[in-house]
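As numbered in the numbering used here, residues 23 to 218 make up the sequence shown, in order. Glycine included, each C-beta is placed from N, C-alpha and C at the ideal position. Accompanying notes for the structure given below.
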Amino acid sequence: MKHIYLDHGASTPVHPQVIETMIPYWTDFYGNPSSGHAHGRDAGFALDEARRTVADLLRARPSEIVFTGCGSESDNLAVRGVMWAARAVGGGNHLITSCIEHEAVLETAVQLRDTFGFELTILPVDGYGRVSLADLSAAIRPDTALISIMAANNEIGTMQPILEIGALARERGISLSHRCGASGGDDALESDADAY
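Next up, the structure:
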């Protein structure tokens, strides 16, 4: 019987071309990029080049790129970072997300609310798993610092109206983050999010 794998949204085999490209970094350029010796400098140059490549893809500056170990760590860092930075400068204490976000966003948002006193609105979704733009607009307050809505749901595949969400966030001066792990990311780039 032929094996069929249907969980590519959670994990996907590494493409052979990616493996081939990565081999030198596992065998020759394995140094700590923060080290001052030759192996470290070589790894540092490779890391800088990767940062420039990703920055070009995301239409960002290399200094804006932070590499993490996984999408969950990225979500956690983005949500916490934006909310704590906003609070520090008096820029808002309120976060909006949806009830079907990845647990890395939802659990972080709930912890910020329950442990640190941030305000949180968790939006409902319709029968297709889509956030209502009217609900989102109504949830925005003067102290809203972040809207965190995934581009595509990792379990049911629903694509959110992220271009419209991005326009709404820009219009209101609110930071925006999208989890893009389950989407191609093209619309997310057009949404001009602050974190992907």
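In the DSSP assignment, the alpha helix (DSSP H) including residue i goes from what residue to what residue?
{"i": "I122", "result": "Run containing I122: none; DSSP gives neither H nor E here."}
{"i": "S94", "result": "93 to 110"}
Can you find the residues in the same chain that come closer than 6 angstroms, C-beta to C-beta, to residue i, ignoring five residues on each side of it along the sequence?
{"i": "T163", "result": "A quick correction: the sequence has Arg, not Thr, at residue 163. Closer than 6 angstroms at the Cβ level, and outside the excluded window around R163, lie H116."}
{"i": "M181", "result": "A174"}
Under the three-state reduction of DSSP, which class applies to residue i: helix, strand or coil?
{"i": "V36", "result": "coil"}
{"i": "I187", "result": "helix"}
{"i": "A167", "result": "strand"}
{"i": "F138", "result": "helix"}
{"i": "D50", "result": "coil"}
{"i": "A131", "result": "helix"}
{"i": "V76", "result": "helix"}
{"i": "R83", "result": "coil"}
{"i": "M23", "result": "coil"}
Name the two residues that bound the continuous beta strand (DSSP E) containing residue i.
{"i": "E141", "result": "141 to 145"}
{"i": "L28", "result": "From DSSP, L28 is part of no beta strand (DSSP E); its letter is neither H nor E."}
{"i": "S56", "result": "From DSSP, S56 is part of no beta strand (DSSP E); its letter is neither H nor E."}
Could you tell me which residues DSSP pairs with residue i in its beta bridges?
{"i": "M181", "result": "A174"}
{"i": "V153", "result": "V147"}
{"i": "S197", "result": "L168"}
Return the chain-ordered list of same chain residues with a C-beta closer than 7 angstroms to the C-beta of residue i, the five sequence neighbours on each side being excluded.
{"i": "V76", "result": "I87"}
{"i": "G151", "result": "I122, N175, I178, T180"}
{"i": "G114", "result": "A108, D165, T166, A167"}
Applying the 10 Å Cβ sphere with the 16-neighbour rule, what's the burial state of residue i?
{"i": "S197", "result": "buried"}
{"i": "S96", "result": "buried"}
Quick one: what's got a C-beta closer than 8 angstroms to residue i's C-beta in the same chain, skipping five residues either side?
{"i": "R73", "result": "P84, I87, F89"}
{"i": "L134", "result": "V101, R102, M105, L117, F140, L142"}
Using a threshold of 6 angstroms, is the CB atom of residue i nearer than that to any non-hydrogen atom of the ligand FAD?
{"i": "V111", "result": "Judged by which ligands are present, the structure shown has none, so any question about the ligand FAD falls away."}
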